[in-house]
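K.L.:
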Amino acid sequence: MQLKFIQGCVRVKDRKEMTFKSLESISNDYCSLQIATAQKGNFSQVDMEISVPHPLELSSFYLEYAFDTSQVKGVFANGFQSWTDSRVFTPDEKISKLHPIIRPMCQYYSDDRFYAYSGKKGQFHSWGYTYFKLTQPEIFFIGGVNEDDAYTYVEVDVNRGMLRIYKDVEGWCIEEKQLLASFHMGLERELKAFHHYFAALDRDYPTVEQAAGWTSWYHYYTNISEEIILKNARAVKDAGLPLTYFQIDDGFQEKTGDWLKVNNKFPNGMAKVADEIKALGFVPGLWLAPFLVSKKSEIAQKHPDWLLKDGAGKVIKMGYNPMWDGWFYALDFYHSEVRVYLKEVFNTVINDWHFDLVKLDFLFGAAPMPRNGKTRGKIMAEAMMFLRECVGDKLILGCGVPLISAFGRVDYCRIGPDIHLKWDFAILKWLNNRERPSNFNAIGNTINRRQLSHQGFLNDPDVFILRKEHNKLTKGEKYALLLANVMFGDLIFTSDDVAMYDGEMMAHFKSIFPLQKPQNMKVETGQSFYRISFQVKERQYIAFFNLSDSLKRVKLPAGLYFDGTGGVLVEGNTMWEVPAHEASILYHVGLNPFAIAGTVGHIFPAAEIDNIYLVDEELRLDFSEGLVCKPTVYIKIPNEYDINIVNGSRAEVIQKRDFKILKWVKR
Ligand code: 9PG
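Residue numbers (the working numbering): 552 to 1218.
Have a look at this one:
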């Protein structure tokens, strides 16, 4: 695939637009553009500088290209922020606009207020970057590089074979010569394409590692207390689950915005809780929405001048949340007193209360519109830099944030919406709320934003749930959520009270340790069915995710497989069924005469075994460090061998075919 430049356009406030038909430097009486294109391997980078004789304010800018539609199988659309649905759309799909009846409550969560959705089939828009899935193995990638100056968004019309790369320049005051736009595009294998884009973005790489943890939100919501938090922390410790983080979510504060006024459910103060969490061996974390204040908060009441207002001087309602007694507003973080206040908040949370991780949420609230001559993207970037300055070298988990603005500025970042206690949130789905709590969207984002992790931050896919109480998810749905999080996520959290687990649930939880990173992942997508091949420690796996509402059948490749969910051997070249909303994982047993035929233990069957070898008449298995479950191991050995001792204890021959299967249980 190739792009053919058609035209570009700059619009300046109160002036006629200037269009140009070739990528050469041009000028008129109020501005001039210097355009440079450079080829870097398979990528080209287009850089455009703007200079002006007199200061002016930009209102729109784009470059338009034509492309050949015959090769296009799908278009990746990156949603506006963490929670927004993001996936590869097929040309017969569309992205629908938020329904007007919920606009007053949710408009600032999304791009609804400043992006005009067409809602038509084959028309997609993507924030920051996009790529085309093609009939060939390479993808065609387009990404914005100077995202700190202004957001990039790409608008694609697959039916017409046209695309426009926009900068969201609205409100940008230009006084001197500066970079206006920098785009990076080219045809490349997926991994390389992302790699080159991240190199062009040039943000700091995260220094944290994949880790597991607990958060209070998806079980207790705002009904938390010191007692509940510590009871859960002790239960996790007693169960021997190797979690790193223990994070207190929304609900400790008197009112949203009054972060330093702790409510009476934490009678001994927050430092006491953080210290206890530390004593139990976890890193304590605390949730805050630093830019938000609820209407009834003391901050909003006492400092109306700190609140963000629209052009007419009216306070902006950022959203509505019944758990925060209704409407909430945003703080203007450019206001010097707001900065002093937020610094004091973080200083207290970190130095007086001893939290080492902060989950910073609803961050989009910093930049609902351009102001002070700055674009939304620039304000968002400055907000993120300000937060990093406040938090210093403690850890940040970003949430509700445009992702590229968070790149290199947070350690972990939510890349999907909240999970829900049912598969989807039907009414909000019907109203086209793209940021709604939804397991369908959560798993979709977890898979489709996988390439971002370990670049500017580590991906947080939101929690998994295994418990029976207080949710309406089926066993299969819970497993799909767990498997997606473990395969693609780097912050593996739950909110379950593990003291209430039965043996099976505990085994599921323990099955994720040690956390293992799949390698050489190849993801094939249709609309809501995913087939993923990958390796863990050189063992081969296939996983299927069926996020659709009907059963899917797929043909397995040749070979012998072990079904991790059912714990049985499965012949290849047969039809495999994946029920609606479920996932399965198949371990490829391979042709080796002595091989692990499967395990019921680790979530990636057989990945808990580093080595298998024969010493005299005894089979030896080396297990991975950090294993907390006690797997049942199935071992394939040639029929002529009479071996039944494994790691010093007896194994049972359970199956004979043209080889034997031994069953052995780790003690
Ligand atoms: C705490 C939660 C959790 C969760 C976050 C975020 O009102 N609303 O529409 C709404 C949307 C999202 C939301 C909460 C409320 O979730 O993603 O993990 O921290 O805040 O309030």
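Don't be surprised by glycine CBs; every beta carbon is placed ideally from N, CA and C.
Note that this is a predicted model, so its numbers are computed, not measured.
(1) Of the choices ASP755, LEU792, PRO793, ASP801, whose alpha-carbon is the least far from that of ILE775?
(2) For a test of the three-state rule: what should DSSP assign to THR899, helix, strand or coil?
(3) Between the beta-carbon of GLU990 and the beta-carbon of TRP974, is there less than 7 Å?
(4) Does the Cβ-Cβ distance between ILE601 and ILE725 come in under 7 Å?
(5) Among residues of its own chain, excluding the 5 on either side of HIS1153, which ones have a beta-carbon nearer than 6 Å to its beta-carbon?
(6) Check ALA863 in the structure and name its three-state DSSP category.
(7) Runs of 3 residues minimum, wholly inside the stretch 928-976: which ones carry the beta strand (DSSP E) assignment?
(8) Using a 10 Å radius around the Cβ and a threshold of 16 neighbouring Cβ atoms, would you call GLU888 buried or exposed?
(9) Taking Cβ positions only, does ASP636 come closer than 7 Å to chain D?
(10) Looking at C-alpha atoms only, which residue of PRO604, HIS676, LEU609, GLN1078 is the closest neighbour of PRO629?
(11) Decide yes or no for the touch test of the stretch 874-882 against the stretch 835-855: beta carbon pairs closer than 8 Å, at least 3 of them.
(12) Would DSSP call ALA1157 helix, strand or coil?
(13) Using CA coordinates, which residue listed in VAL787, VAL896, TRP857 is at the minimum distance from LEU839?
(14) Does DSSP classify MET1038 as helix, strand or coil?
(15) ASN697 to GLY764, Cα distance in whole Å?
(16) Report the option in PHE1044, LEU938, PRO1069 whose CA atom is closest to the CA atom of GLN1002.
(17) Beta carbon of ASP950: closer than 6 Å to some heavy atom of the ligand 9PG?
(18) Give every residue of the same chain whose Cβ lies closer than 6 Å to the Cβ of TYR769, excluding the five residues on either side of it in the sequence, and list them in chain order.
(19) I need the straight-line Cα distance from PRO604 to LEU730, nearest angstrom please.
(20) So does the stretch 933-942 actually touch the stretch 980-987, counting three or more Cβ pairs closer than 8 Å?
(21) Are there any heavy atoms of the ligand 9PG lying less than 6 Å away from the beta-carbon of ASN872, as far as the coordinates show?
(22) Is any heavy atom in the ligand 9PG found nearer than 6 Å to the beta carbon of ASP912?
(23) On the DSSP letters alone, give me the boundaries of the beta strand (DSSP E) that CYS582 sits inside.
(24) How would you call VAL1119, buried or exposed, if buried means at least 16 neighbouring beta carbons within 10 angstroms?
(25) Residue ranges of each beta strand (DSSP E) run of no fewer than 3 residues wholly in the stretch 839-889, ordered along the chain?
(26) Among the candidates ALA732, GLY1123, ILE1212, whose CA atom is the shortest distance from the CA of THR926?
(27) Between the C-alpha atoms of TYR660 and GLY949, what's the straight-line distance to the nearest angstrom?
(28) Roughly how far, in whole angstroms, is the beta-carbon of THR1076 from the beta-carbon of VAL639, given that I think they are within contact range, below 8 Å?
(29) Determine the DSSP secondary structure at CYS724, reduced to helix, strand or coil.
(30) Nearer than 6 Å: is that true of the beta carbon of ASP801 relative to any heavy atom of the ligand 9PG?
(31) How big is the Cα-Cα spacing for ALA762 and ASP1041?
(32) Name the DSSP bridge partner or partners of GLY559?
(33) State the start and end residues of the unbroken alpha helix (DSSP H) segment that holds TYR748.
(34) Spell out the partners DSSP gives PRO835 in its beta bridges.
(35) Suppose you measure from the CA of ASN1067 to the CA of HIS1139; what does that come to, to the nearest Å?
(36) State the start and end residues of the unbroken beta strand (DSSP E) segment that holds LEU1009.
P.N.:
According to the data block:
(1) Sequence index remark: in the sequence shown, residue 775 carries index 224 (1-based). It is ASP801.
(2) To locate residue 899, count along the sequence shown from 1; it is residue 348. THR899: helix per DSSP, three-state reduction.
(3) On the sequence shown, position 439 is the one that residue 990 refers to. On the sequence shown, position 423 is the one that residue 974 refers to. Note on identity: in this sequence residue 990 is Asn, with Glu being the wrong assignment. In this structure, TRP974 lies closer than 7 Å to ASN990 by Cβ.
(4) Locating residue 601 in the sequence shown gives position 50, where the first residue counts as 1. Locating residue 725 in the sequence shown gives position 174, where the first residue counts as 1. Going by C-beta atoms, ILE601 is nearer than 7 Å to ILE725.
(5) As a working mapping, residue 1153 is identified with position 602 in the sequence shown. Around HIS1153: SER1062, GLU1159.
(6) Within the sequence shown, numbered from 1, the residue matching residue 863 stands at position 312. Correct three-state label for ALA863: coil.
(7) 946-949, 963-965
(8) The sequence position of residue 888 within the sequence shown is 337, counting from 1. Answer is exposed; the Cβ neighbour count stays below 16.
(9) Within the model displayed, chain D is absent; a lone protein chain is all it includes.
(10) As a first step, residue 629 must be located in the sequence shown, where it is residue number 78. Checking the sequence, you will find Asn at residue 629 rather than Pro. Of the listed residues, the one whose Cα sits closest to ASN629 is HIS676.
(11) yes
(12) By 1-based counting over the sequence shown, the position of residue 1157 is 606. Looking at ALA1157 - three-state DSSP - the assignment turns out to be coil, as it is neither helix nor strand.
(13) Residue numbering aside, residue 839 sits at position 288 when the sequence shown is read from its first letter. The shortest Cα separation from LEU839 among VAL787, VAL896, TRP857 belongs to VAL896.
(14) The residue given as residue 1038 occupies position 487 in the sequence shown. In the structure shown, MET1038 sits in a helix (DSSP, three-state: H, G or I).
(15) The residue you call residue 697 lines up with position 146 of the sequence shown. The residue you call residue 764 lines up with position 213 of the sequence shown. The alpha-carbon atoms of ASN697 and GLY764 are separated by roughly 34 Å.
(16) Here the question's residue 1002 lines up with position 451 in the sequence shown. Nearest option by C-alpha distance: PRO1069.
(17) Counted from its first residue, the sequence shown places residue 950 at position 399. Before going further, note that residue 950 is Cys rather than Asp in the sequence given. Flag set: Cβ of CYS950 near the ligand 9PG.
(18) The residue given as residue 769 occupies position 218 in the sequence shown. So the qualifying residues of the chain are VAL1014, SER1046.
(19) Counting from one through the sequence shown, the residue named residue 604 turns up at place 53. Counting from one through the sequence shown, the residue named residue 730 turns up at place 179. Their Cα atoms are separated by approximately 16 Å.
(20) no
(21) Position 321 of the sequence shown holds residue 872. Within the cutoff, so yes.
(22) Residue numbering aside, residue 912 sits at position 361 when the sequence shown is read from its first letter. Checking the Cβ of ASP912 against the ligand 9PG gives yes.
(23) Reading the sequence shown from its first residue, position 31 is the one you call residue 582. Looking at the DSSP string, CYS582 is not in any beta strand (DSSP E), and its letter there is neither H nor E.
(24) Position 568 of the sequence shown, counting from 1, holds the residue named residue 1119. It counts as exposed.
(25) 843-845, 870-872, 877-881
(26) For the purposes of this step, residue 926 is taken as residue 375 along the sequence shown, with counting starting at 1. Cα-wise, what sits closest to THR926 is ALA732.
(27) Locating residue 660 in the sequence shown gives position 109, where the first residue counts as 1. Locating residue 949 in the sequence shown gives position 398, where the first residue counts as 1. Those two C-alpha atoms are separated by around 15 Å.
(28) In the sequence shown, the residue the question calls residue 1076 occupies position 525. In the sequence shown, the residue the question calls residue 639 occupies position 88. Contact holds; Cβ gap of about 5 Å.
(29) Start at 1 with the first residue of the sequence shown, and residue 724 comes out as number 173. In this structure, CYS724 counts as strand in the three-state DSSP scheme.
(30) Along the sequence shown, read from residue 1 onward, the residue named residue 801 stands at position 250. ASP801 Cβ: within cutoff of the ligand 9PG.
(31) Here the question's residue 762 lines up with position 211 in the sequence shown. Here the question's residue 1041 lines up with position 490 in the sequence shown. Rounded to the nearest angstrom, the two C-alpha atoms are 6 Å apart.
(32) Here residue 559 is taken as the residue at index 8 of the sequence shown, counted from 1. Per DSSP, PHE571, LEU614.
(33) Here residue 748 corresponds to residue number 197 of the sequence shown, with the count starting at 1. Counting along the chain, the alpha helix (DSSP H) containing TYR748 begins and ends at 741-752.
(34) Residue mapping note: residue 835 aligns to position 284 of the sequence shown, counting from 1. PRO835 pairs with PHE797.
(35) Against the sequence shown, residue 1067 aligns to sequence position 516. Against the sequence shown, residue 1139 aligns to sequence position 588. Rather than Asn, the amino acid found at residue 1067 in this sequence is Gln. If you take the alpha carbons of GLN1067 and HIS1139, they lie about 17 Å apart.
(36) Residue mapping note: residue 1009 aligns to position 458 of the sequence shown, counting from 1. Unbroken beta strand (DSSP E) run through LEU1009: 1009-1011.
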